[in-house]
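Peer 1: Respectively, the protein sequence lines represent chains A and B. Under the numbering used here, the first residue of the first sequence is numbered 910, with each subsequent residue one higher. Under the numbering used here, the first residue of the second sequence is numbered 3, with each subsequent residue one higher. Beta carbons: idealized from backbone N, C-alpha and C, even for Gly. Because the structure is a prediction, the values reported are computed rather than measured.
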Amino acid sequence: MIDARQLERHYDDGARGRLAVLDGVSLTVADGEFVAIVGRSGSGKSTLLHVLGGLDTDYRGQVTVAGTRLDGLADAALARFRNETVGFVFQSFHLMSGVSALENVLLPARFAANPVGALHARAQAALARVGLTAAHGARAPGQLSGGERQRVAIARALFSSPRLLLCDEPTGNLDAATADEVVALFKTLNAGGLTIVAVTHEERLRSAASRVLTLAGGKLS
Amino acid sequence: MSGSLWPLVKLSLARDRRSALSSAFGLAVGVASLVFFVSLGLGVGAIVREKVFPVDSSLVEVVPAQLSFGLLGGGTLDEATVARLSALPGVERAFKKMNVRAPAVTIYRGDFFGRPLHMGLEVLAVGVEPDFVRGDVLLGEFVDPGPDKPIPAIASTRLLEIYNKSFAPQRSLPQLSGQLLTGFIFPIDFNRSFVTSTPQSASAIPSQAQLVGVSDRGLLAGITIPLEAARRINAAANLDAKTFTGVALKATDPSRVPGIVAAVKAMGLRVDDQERRMSENAGAAVAISTSSLALLSVLICLLAAFNIAHAFSASVRAREKELGVMRAVGASRRALFRLVLVEALVLGVVGGVLGTALALAASLGLDLAAVHLVPEFPFKPDSWFQRPVWLLGGGVVLGVLAAVAGAWLPARRASRTDPARVLAG
């Protein structure tokens, strides 16, 4: 699924000069794997996730995801890749306020090159897949609990039937019980064949993964 | 743009409803004032051109030079000179004109369209070739009928307007139209005057004139009669019946007029462009006033564009994370650019349509008020405004352009949203 080689990513860090957050990182993830990446805050976990998902293009090295070579890809092609091949789940959910949960799940369809099928039915199916009902879909994010909001965010990530789910501290803003539910959901999705790469501090997510990698000093081990 | 972006556009505008309404209202004010003032300028300009100074742009009025240089030219307008004028490049036809050089008066006692009238007037008359006014003749042939029959006469359209709006109301006289006037016969004595002395030997030439139509080409303060009639009366009064007092040159095309004017001047003749200059001056005054007000309106639109730029900049900043998520789920830079521009476009259409509708309503209301509240006066129009389709469409286009121009930089900023930065943490 993922073949990343010799990834280098630097940040300008003021007086301290250039800071290497990815310093020759190579990573291979097989189809259907559930990989957890751990490391201290600022170690570059999110940066690695953004590079793998085509959100960050300012790096050196080669990245191939689901057969698509990302380095050097034009913006429109990268956008299409993100729309069709990967789904993102963030710690802060990042749902659009002022619209229903269903409309949030439909967001990827708004940017699809060729949106197909009954979009609302697909969005409802995505909500059902994460354990939410049509009633949940009709509510605004502000009317949902934290766990429900994260499930909506996961449903949004699943809407386009991606092959890879990239999760950035997905349980970081949830209480223990809700986090357990979300982790259980990830395990179910992974059991269904979905490849998951999650960066996390959480032990429960780490223990759910089939493989755990540690990012420290710009190196992955 | 994918049609599915519309929900996002509607969402964004609905969420920032107050800001969107304020932006659209600003645009509407600018567009309304521009459409209103241009519409007014076009209307007043048309009144000046078509009613007050109806100048035929392809006509050149030639008059004799004030000084004659004998063999060197610059003298009178005789047949030979007219032939030379006719042969000038760009001249389609030359129409000879001859003033009745004898004074003339009319003394009318009798029924005047249902009202008793007793009036004496000094009359000016000019003879013209029949073809010069043929299109405006409503009764009979415009030719000299001989000494014993009424002379066909054309009245000026503008004189009739002044009579109807100013002279008649003050004297309780009836309102007249060209058709109503046609056929009216009144006495006219040539070689007689109320204001100048005529030689003892000169005897009055009693005659009659019959109005056969009204024309923009008619003499403003007098009557226009057939050239041969003027020639006959001048001869009967022992006055010059050979040379002409003017020649109207019809150009093949208005663009040929400057060349013809130059050639006429080179022949030592003068061009009477007083009417044209008055028309141009009045037109220029209207154009300058309209342009000033239009410029002010454009400035209002610019301010509205700045307001939109400010509002959209704030909106894009506030929606930074949302735009980042859009990037994450598959929005290209171009899609975000278009998303913001379409939001502005919707505001532009709303502001443009609203402003144009406001301007239309205001102009129709003012027209209606003018009919009832403004007293009658010469050349008072039925409408002070012109509302061509291009102006109405232009109002909407201006609204859209101002909105899109205002939103351009914020749209670029939106398109450059770095999702990796705004979604981190």
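Can you find a CB in chain A that lies within less than 8 Å of the CB of residue 42 of chain B?
Peer 2: No, its Cβ sits nowhere closer than 8 Å to a Cβ of chain A.
Peer 1: Going by CA-CA distance only, name the one from A:1067, A:1087 and A:931 that's closest to residue 1011 of chain A.
Peer 2: Ranking the options by Cα distance to residue 1011 of chain A, first place goes to A:1067.
Peer 1: Please identify, using Cβ separations under 8 Å, the residues of the region 325–338 of chain B that lie next to chain A, in order along the chain.
Peer 2: Per Cβ criterion, the list reads 326, 327, 328, 329, 330, 331, 332, 333, 334, 335, 336 and 337.
Peer 1: Reducing DSSP to helix, strand and coil, say where residue 260 of chain B ends up.
Peer 2: The answer is helix: DSSP assigns residue 260 of chain B an H, G or I state.
Peer 1: Can you tell me whether DSSP reads residue 415 of chain B as helix, strand or coil?
Peer 2: Residue 415 of chain B falls in the helix class under three-state DSSP.
Peer 1: Using 8 Å as the threshold, is the C-beta distance between residue 310 of chain B and residue 31 of chain B below it?
Peer 2: The answer is no: Cβ separation not under 8 Å.
Peer 1: Name, in chain order, the residues that DSSP records as bridge partners for residue 165 of chain B.
Peer 2: Answer is none; residue 165 of chain B lacks a bridge partner.
Peer 1: Output the distance between the C-alpha atoms of residue 415 of chain B and residue 306 of chain B, rounded to the nearest integer angstrom.
Peer 2: Looking at the two C-alpha atoms, the distance is approximately 20 Å.
Peer 1: Taking the Cβ atom as the reference point for each residue, do residue 366 of chain B and residue 405 of chain B lie within a distance shorter than 8 Å?
Peer 2: It is not a contact, given that the beta carbons lie outside the stated cut-off.
Peer 1: Which residues bound the beta strand (DSSP E) around residue 1126 of chain A?
Peer 2: Unbroken run through residue 1126 of chain A: none, as it is neither H nor E.
Peer 1: Take the Cβ of residue 967 of chain A as the centre, count every other Cβ of all protein chains shown within 10 Å, and call the residue buried at 16 or more, exposed below.
Peer 2: Exposed: under 16 other Cβ atoms inside 10 Å.
Peer 1: Check the Cβ of residue 289 of chain B against every Cβ in chain A and list those closer than 7 Å, keeping chain order.
Peer 2: The premise fails here: residue 289 of chain B is roughly 49 Å from chain A at the closest Cβ pair, so nothing lies under 7 Å.
Peer 1: If you measure from the beta carbon of residue 17 of chain B to each beta carbon in chain A, is any gap under 8 Å?
Peer 2: Closer than 8 Å: yes.
Peer 1: Report the residue from B:141, B:46 and B:19 whose alpha carbon sits nearest the alpha carbon of residue 389 of chain B.
Peer 2: If we check each option's Cα against that of residue 389 of chain B, B:46 comes out closest.
Peer 1: Evaluate contact between the region 169–183 of chain B and the region 230–237 of chain B, counting only Cβ atoms and requiring at least three cross-stretch pairs below 8 Å.
Peer 2: Output reads no: the region 230–237 of chain B does not touch the region 169–183 of chain B.
Peer 1: Using beta carbons (cut-off 8 Å, strictly below), is residue 1072 of chain A in contact with chain B?
Peer 2: It does not: the Cβ of residue 1072 of chain A has no partner Cβ on chain B nearer than 8 Å.
Peer 1: Assuming the contact rule is C-beta atoms closer than 8 Å, residue 911 of chain A and residue 1124 of chain A should be a hit. Round their C-beta distance to whole Å, please.
Peer 2: Contact doesn't hold; Cβ gap of about 15 Å is too wide.
Peer 1: Under 8 Å between the Cβ atoms of residue 130 of chain B and residue 183 of chain B?
Peer 2: Going by C-beta atoms, residue 130 of chain B is not nearer than 8 Å to residue 183 of chain B.
Peer 1: What in chain B is Cβ-close to residue 991 of chain A, meaning under 8 Å?
Peer 2: 329, 330, 331 and 332, listed in chain order.
Peer 1: So, does the CB of residue 951 of chain A fall closer than 8 Å to a CB anywhere in chain B?
Peer 2: No, residue 951 of chain A does not count as interfacial toward chain B.
Peer 1: Can you list the residues of chain A that residue 320 of chain B reaches, using a CB-CB cut of under 9 Å?
Peer 2: Correct list: empty, because the minimum Cβ distance to chain A is about 11 Å.
Peer 1: Return the bridge partner residues of residue 913 of chain A from the DSSP annotation.
Peer 2: Beta-bridge pairing links residue 913 of chain A to A:936 and A:972.
Peer 1: Can you confirm whether residue 419 of chain B, when its beta carbon is compared against all beta carbons of chain A, has any partner nearer than 8 Å?
Peer 2: So no, residue 419 of chain B is outside the interface.
Peer 1: Can you give me the Cβ contacts of residue 1092 of chain A inside the same chain, cut-off strictly under 6 Å, excluding the 5 residues immediately before and after it?
Peer 2: Cβ within range, chain order: 1113, 1114 and 1117.
Peer 1: Quick one: what does DSSP say residue 389 of chain B is sitting in, helix, strand or coil?
Peer 2: Coil at residue 389 of chain B, not helix or strand.
Peer 1: Quick check: is the beta carbon of residue 323 of chain B nearer than 8 Å to any beta carbon in chain A?
Peer 2: It does: the Cβ of residue 323 of chain B has a partner Cβ on chain A nearer than 8 Å.
Peer 1: Out of B:63, B:331 and B:39, which one is the CA nearest neighbour of residue 1018 of chain A?
Peer 2: Checking every option, the nearest Cα to that of residue 1018 of chain A belongs to B:331.
Peer 1: Terminal residues of the continuous alpha helix (DSSP H) containing residue 990 of chain A?
Peer 2: Residue 990 of chain A -> alpha helix (DSSP H) spans 984–993.
Peer 1: Considering residue 41 of chain B, what are the terminal residues of the alpha helix (DSSP H) in which it resides?
Peer 2: Element bounds for residue 41 of chain B: 19–49.
Peer 1: Quick test of your reading: residue 135 of chain B and residue 220 of chain B, contact by CB under 8 Å. State the CB separation rounded to the nearest angstrom.
Peer 2: Between residue 220 of chain B and residue 135 of chain B the Cβ distance is about 7 Å, and since that is below 8 Å, they are a contact.
Peer 1: By Cβ distance below 6 Å, which residues in the same chain neighbour residue 74 of chain B in space, the five residues on each side in sequence not counted?
Peer 2: Bear in mind that a pLDDT of 48 at residue 74 of chain B, under 50, signals an unreliable position, so the number given afterwards is only what the model happens to contain. Excluding positions up to five away in sequence, the list is empty.
Peer 1: Decide yes or no for the touch test of the region 1062–1076 of chain A against the region 1022–1039 of chain A: beta carbon pairs closer than 8 Å, at least 3 of them.
Peer 2: Contact holds: three or more Cβ-Cβ distances are below 8 Å.
Peer 1: Below 8 Å on the Cβ atoms is my guess for residue 243 of chain B versus residue 192 of chain B; work out the distance and round it to an integer in Å.
Peer 2: 13 Å between Cβ atoms; not a contact.
Peer 1: Roughly how many angstroms lie between the CA atoms of residue 420 of chain B and residue 326 of chain B, to the nearest whole one?
Peer 2: Between residue 420 of chain B and residue 326 of chain B, the C-alpha separation is close to 7 Å.
Peer 1: Does DSSP put residue 451 of chain B in a helix, a strand or coil?
Peer 2: One cannot answer for residue 451 of chain B here, as it falls past the ends of chain B, which runs 3 to 427.
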